[in-house]
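Undergrad: Going down the list, the protein sequences come from chains A and B.
With our numbering applied, the first sequence has no gaps in its numbers, which climb one by one up to 517 at the end.
With our numbering applied, the second sequence has no gaps in its numbers, which climb one by one up to 1563 at the end.
Virtual Cβ for every residue (Gly too), placed ideally from N, Cα, C.
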Amino acid sequence: MERPLGRFETALTLTGDHAPFVVVVVLRLAGGPRTEVLRGALDALQARHPLLRSRIVRRGRRFALVAGGSPPIPLHSPPRRDASSWRAAAEDELNRAVDRQTGPLMRCTHLAAAAGAPGDSGGGHELVLTFHHAIMDAVCGAALVDELLALLADRAAGVSSAGVRSADVSTADVSDAGTRGAADALPPPVEDFFPAPYRGLRGGLRLAGFVARQVADELRYRRRSRHLRQPPVVESARCRILPVELSAAASAALVQRSRRRRVTLNGVLNAALLLAVQRHLYAARRRPLRYITFANLRPYLRPPLPADRLGCAITMLRYTAELAPDADLWPLADAISRQVDAGGRRGEPFLALRLSAPMMRATLRRGDQRMAASAVSYSGVARFGEGATGDGIVTVRASHAFVSNLGLGPELTAQARWFRGRLQLDFVVLDADLDEERARTLVDDVLATLTAAGAEAAAAEAETEPDVQSGRGVER
Amino acid sequence: MNVEIQDVEELVAVQLGRRRVAAGDRLVEDLGARSLDLVNIVAALEDRYAIRIEESELPDLHTVADLHACARRLRDVERDVER
Chain A
42 MERPLGRFET ALTLTGDHAP FVVVVVLRLA GGPRTEVLRG ALDALQARHP LLRSRIVRRG
102 RRFALVAGGS PPIPLHSPPR RDASSWRAAA EDELNRAVDR QTGPLMRCTH LAAAAGAPGD
162 SGGGHELVLT FHHAIMDAVC GAALVDELLA LLADRAAGVS SAGVRSADVS TADVSDAGTR
222 GAADALPPPV EDFFPAPYRG LRGGLRLAGF VARQVADELR YRRRSRHLRQ PPVVESARCR
282 ILPVELSAAA SAALVQRSRR RRVTLNGVLN AALLLAVQRH LYAARRRPLR YITFANLRPY
342 LRPPLPADRL GCAITMLRYT AELAPDADLW PLADAISRQV DAGGRRGEPF LALRLSAPMM
402 RATLRRGDQR MAASAVSYSG VARFGEGATG DGIVTVRASH AFVSNLGLGP ELTAQARWFR
462 GRLQLDFVVL DADLDEERAR TLVDDVLATL TAAGAEAAAA EAETEPDVQS GRGVER
Chain B
1481 MNVEIQDVEE LVAVQLGRRR VAAGDRLVED LGARSLDLVN IVAALEDRYA IRIEESELPD
1541 LHTVADLHAC ARRLRDVERD VER
């Protein structure tokens, strides 16, 4: 069985064909599974999800998702030299494409501490899970991690949970597939679940309005940024990671402050990244800068798409913000929050998805302009690992998620989430854009901005909660 | 101040610009709330009942009734502290 790729799936596949473009999830575990237990759990996971047995092939000018025929999920177990070996492994994965033609669209690296290994007191293990972006987003990624942890716990306890039940395919999908078996039925692309106003002729009219707004924004951006620095297109580069987090106190203070200001955390994070980029790469000059933000479409689809259904149900939105030389965080965060919200009310997440494949084709073909200055994806509260500790063998100590960047992408990107009371930011930069010291400077700037923003609120409450003021961000 | 379901329904309706909402309505799937709406709703609840809702509680707040239950629980905690 096969089906044509959806629009955003196509855009992600085009990107992945241009340069390595993958989602990398890192689970830092206390204790950890034996390799044969992990192998069994991966096999069971693959048996449950048709997308983990599928591959992506060309069909003329288009792509198709083909069910079945993929080998088992590759499991690689390199030596774990010390507690930071996962960083090198994650960077290697970010810079290595998934072989989409052969499949599967996932692979796994297992780093296991040898007994008495230096720098590790807890028998640490890390799992580095790499996915083709077309089958993965933050929501289903968290659900898949939970499922894998549950499978590991079951298998460690001697319970066989392998099966062909697929969380990715509903009864309706199977009936749509006619006589084809549920085991090979592929979930439809997200645009098949768009609300009525964004489909057909009505959707086409809205799309025309969206295109007009995009063209106007493009012309305005070019006019206003003429004679100002244009970020250079990078031909060849390696992704480098910089994972950081705010302290619990600073995280809580930032949330409170953003609520009092009635701005979203996504808006605050986008503003902090833009300000860092403006200060350090654009000489703090007045100018328009573009930022990329992401929308989770799952709850807005008809019917809403459950978290445990594998697939990429996000869309990418690009907006332009005007930055003053002495721009302040909160007005910018407020402007971004309202800009994104207004776009959402106009249905732009759906419209941007409809436009994503031709836009990506054009961007890659021209190859003369970076897509934006910065990009951040805030995926909300991550809870994976809380419900699947089983007999204690697989406990998540920490987690990370990264997405590859490419030479036409933003100069500073981050995946952000709330995990166990802390705001985490997993940055990815390109070595051709920023050397290590400069990248560190930008990331420190973001952390300082966010910490100072929260501290305003903390100071106001200091008399009743004296512990709230502590804590800068720390590298993780 | 007691946390009544009718008051929470009214607060959500005002924030979302709707005439009325029901306790069982899902904030995002049924009422179409967006991220900024959710920030406004949570902040308005915090202000009205003098409570603080942790970010980690947000994924459990699917419906208007969930908001009511959360606000009532936190209000009870605050009341105990005040005593």
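Sorted by chain position, which residues of the same chain lie with C-beta nearer than 6 Å to Leu170 (chain A)'s C-beta, five sequence neighbours on each side aside?
TA: The residue you call residue 170 (chain A) lines up with position 129 of the first sequence. Contacts found: Val66, Cys149.
Undergrad: Thinking Asp28 (chain A) and Val304 (chain A) are a contact (beta carbons under 8 Å), I'd like their distance in whole angstroms, please.
TA: Nothing in the structure corresponds to residue 28 (chain A), since chain A is present only between 42 and 517.
Undergrad: Mapping DSSP to helix, strand and coil, what is Cys280 (chain A)?
TA: On the first sequence, position 239 is the one that residue 280 (chain A) refers to. In the structure shown, Cys280 (chain A) sits in a strand (DSSP, three-state: E or B).
Undergrad: Can you tell me which residues form a DSSP beta bridge with Met357 (chain A)?
TA: Mapped onto the first sequence, residue 357 (chain A) falls at position 316. The partner list for Met357 (chain A) (beta bridge, DSSP) reads A:Phe335.
Undergrad: In three-state terms, what does DSSP make of Thr212 (chain A)?
TA: Along the first sequence, one-based indexing puts residue 212 (chain A) at 171. Since pLDDT at Thr212 (chain A) reaches only 44, below the 50 mark, its modelled position is unreliable, and no value is offered.
Undergrad: Cβ closer than 8 Å: which chain A residues qualify as neighbours of Asn1520 (chain B)?
TA: Taking the second sequence and counting its residues from 1, the one referred to as residue 1520 (chain B) is at position 40. The contacting residues are Arg303.
Undergrad: Can you check whether the C-beta of Gly182 (chain A) is within less than 8 Å of a C-beta belonging to chain B?
TA: To locate residue 182 (chain A), count along the first sequence from 1; it is residue 141. With 8 Å as the cut-off, Gly182 (chain A) does not count as an interface residue toward chain B.
Undergrad: Where does Asp178 (chain A) land, buried or exposed, given buried means 16+ other C-beta within 10 angstroms?
TA: Mapped onto the first sequence, residue 178 (chain A) falls at position 137. The residue is buried, with at least 16 neighbouring Cβ atoms inside 10 Å.
Undergrad: When the Cβ atoms of the region 1511 to 1518 of chain B are set against those of the region 1554 to 1562 of chain B, are three or more pairs found closer than 8 Å?
TA: Too few Cβ pairs lie closer than 8 Å, so no.
Undergrad: Pick out whichever of A:Thr482, A:Arg481, A:Thr490, A:Val469 has its Cα sitting closest to the Cα of Asp133 (chain A).
TA: The residue labelled residue 133 (chain A) in the question sits at position 92 within the first sequence. Per the Cα distances, A:Val469.
Undergrad: Could you name the residues of chain B that Trp459 (chain A) contacts, counting a contact when the two beta carbons are closer than 7 Å?
TA: Residue mapping note: residue 459 (chain A) aligns to position 418 of the first sequence, counting from 1. The contacting residues are Glu1535, Ser1536.
Undergrad: Does Arg1514 (chain B) come within less than 8 Å of chain E when only Cβ atoms are used?
TA: Among the protein chains of the structure shown, namely A and B, there is no chain E.
Undergrad: With a threshold of 8 Å between beta-carbons, can Val1508 (chain B) be considered close to chain A, or not?
TA: As a first step, residue 1508 (chain B) must be located in the second sequence, where it is residue number 28. Yes - at least one Cβ of chain A is within 8 Å of the one on Val1508 (chain B).
Undergrad: Apart from the five residues on each side of it in sequence, which residues of its chain come closer than 7 Å, Cβ to Cβ, to Ala1530 (chain B)?
TA: As a position in the second sequence, residue 1530 (chain B) is number 50, starting the count at 1. Glu1558, listed in sequence order.
Undergrad: Rounded to a whole number of angstroms, what is the C-alpha to C-alpha distance between Pro74 (chain A) and Ser440 (chain A)?
TA: Sequence index remark: in the first sequence, residue 74 (chain A) carries index 33 (1-based). Sequence index remark: in the first sequence, residue 440 (chain A) carries index 399 (1-based). Roughly 16 Å between the two C-alpha positions.
Undergrad: Chain A partners of Glu1489 (chain B), CB-CB under 9 Å?
TA: Mapped onto the second sequence, residue 1489 (chain B) falls at position 9. Those within 9 Å of Glu1489 (chain B) in chain A number zero; the least Cβ separation is about 20 Å.
Undergrad: Which value, in whole angstroms, describes the spacing of the CA atoms of Asn1482 (chain B) and Ala1551 (chain B)?
TA: Indexing the second sequence from 1 puts residue 1482 (chain B) at position 2. Indexing the second sequence from 1 puts residue 1551 (chain B) at position 71. Their Cα atoms are separated by approximately 10 Å.
Undergrad: Which residue wins for smallest C-alpha separation from Leu146 (chain A), given the options A:Ile114, A:Arg122, A:Leu152?
TA: Position 105 of the first sequence, counted from the start, is the residue given in the question as residue 146 (chain A). If we check each option's Cα against that of Leu146 (chain A), A:Ile114 comes out closest.
Undergrad: In whole angstroms, give me the CA-to-CA distance for Ser299 (chain A) and Gln1495 (chain B).
TA: Residue numbering aside, residue 299 (chain A) sits at position 258 when the first sequence is read from its first letter. Residue numbering aside, residue 1495 (chain B) sits at position 15 when the second sequence is read from its first letter. Computed Cα separation, rounded: 17 Å.
Undergrad: First and last residue of the beta strand (DSSP E) that includes Ile97 (chain A)?
TA: Taking the first sequence and counting its residues from 1, one reaches residue 97 (chain A) at position 56. Looking at the DSSP string, the run of the beta strand (DSSP E) that includes Ile97 (chain A) is 96 to 100.
Undergrad: Short of 6 Å in beta carbon distance, which residues of its chain neighbour Ala155 (chain A), apart from the five on each side in sequence? Order them along the chain.
TA: Residue numbering aside, residue 155 (chain A) sits at position 114 when the first sequence is read from its first letter. Nothing listed; no residue qualifies.
Undergrad: In chain order, what residues of the same chain lie with their CB nearer than 8 Å to the CB of Arg463 (chain A), ignoring the 5 residues before and after it?
TA: Taking the first sequence and counting its residues from 1, the one referred to as residue 463 (chain A) is at position 422. Glu286, Leu287, Ser288, Ala289, Ser292, listed in sequence order.
Undergrad: Give me the Cβ distance between Ser118 (chain A) and Leu106 (chain A), rounded to the nearest whole Å; I'm assuming they're in contact under 8 Å.
TA: Counting from 1 along the first sequence, the entry for residue 118 (chain A) is found at position 77. Counting from 1 along the first sequence, the entry for residue 106 (chain A) is found at position 65. That pair is no contact at about 29 Å.
Undergrad: Ignoring anything shorter than 4 residues or poking outside the region 369 to 431 of chain A, list the alpha helix (DSSP H) runs there in chain order.
TA: You should have 370 to 386, 389 to 407.
Undergrad: Can you tell me the Cα-Cα spacing of Phe335 (chain A) and Arg1563 (chain B), whole angstroms?
TA: Start at 1 with the first residue of the first sequence, and residue 335 (chain A) comes out as number 294. Start at 1 with the first residue of the second sequence, and residue 1563 (chain B) comes out as number 83. C-alpha separation (whole angstroms): 45 Å.
Undergrad: In chain order, what residues of the same chain have a beta carbon less than 6 Å from the beta carbon of Leu93 (chain A), not counting five sequence neighbours either side?
TA: The residue you call residue 93 (chain A) lines up with position 52 of the first sequence. Closer than 6 Å at Cβ, skipping near neighbours: Gln87, Pro145, Met147.
Undergrad: Go ahead and pull the three-state DSSP assignment for Gln142 (chain A).
TA: Mapped onto the first sequence, residue 142 (chain A) falls at position 101. Reduced to three states, the DSSP call for Gln142 (chain A) is coil.
Undergrad: Would you say the region 343 to 354 of chain A touches the region 311 to 320 of chain A, given that touching needs at least three Cβ pairs under 8 Å?
TA: Touching, no.
Undergrad: Ordered along the chain, which non-local residues of its own chain (more than five positions away) have a Cβ less than 7 Å from that of Gly388 (chain A)?
TA: Within the first sequence, residue 388 (chain A) is the residue found at index 347, counting from 1. Only Pro238, Tyr239, Arg247 meet the Cβ criterion.
Undergrad: Measure the alpha-carbon distance for Gly160 (chain A) versus Phe172 (chain A) and round it to whole angstroms.
TA: In the first sequence, counting from the first residue as 1, residue 160 (chain A) sits at position 119. In the first sequence, counting from the first residue as 1, residue 172 (chain A) sits at position 131. No answer about Gly160 (chain A) holds up, because its pLDDT of 47 lies below 50 and its placement is not dependable.
Undergrad: From A:Arg121, A:Pro273, A:Pro345, pick the residue whose C-alpha is nearest to that of Pro236 (chain A); which is it?
TA: For the purposes of this step, residue 236 (chain A) is taken as residue 195 along the first sequence, with counting starting at 1. The shortest Cα separation from Pro236 (chain A) among A:Arg121, A:Pro273, A:Pro345 belongs to A:Pro345.
Undergrad: Spell out the partners DSSP gives His23 (chain A) in its beta bridges.
TA: As displayed, chain A neither begins before 42 nor continues past 517, which places residue 23 (chain A) out of reach and without an answer.
Undergrad: What's the C-alpha gap between Pro366 (chain A) and Arg1553 (chain B)?
TA: As a first step, residue 366 (chain A) must be located in the first sequence, where it is residue number 325. As a first step, residue 1553 (chain B) must be located in the second sequence, where it is residue number 73. Near 46 Å, if we compare the C-alpha coordinates of Arg1553 (chain B) and Pro366 (chain A).
Undergrad: Counting only beta-carbon separations shorter than 8 Å, does Glu1526 (chain B) have a partner in chain A?
TA: Working through the second sequence from its first residue, we reach residue 1526 (chain B) at position 46. By this cut-off, Glu1526 (chain B) is an interface position.
Undergrad: Can you round the beta-carbon distance between Leu190 (chain A) and Val435 (chain A) to whole angstroms, since I take them to be within the 8 Å contact cut?
TA: In the first sequence, residue 190 (chain A) corresponds to position 149, counting from 1. In the first sequence, residue 435 (chain A) corresponds to position 394, counting from 1. Yes, Leu190 (chain A) and Val435 (chain A) are in contact; Cβ-Cβ is about 5 Å, under 8 Å.
Undergrad: Take Gly219 (chain A) and list the residues in its own chain whose beta-carbon comes closer than 8 Å to its own, dropping the five residues that flank it on each side.
TA: The residue labelled residue 219 (chain A) in the question sits at position 178 within the first sequence. Low confidence applies here, because Gly219 (chain A) scores a pLDDT of 40, under 50, leaving its location unreliable and the question unanswered by this model.
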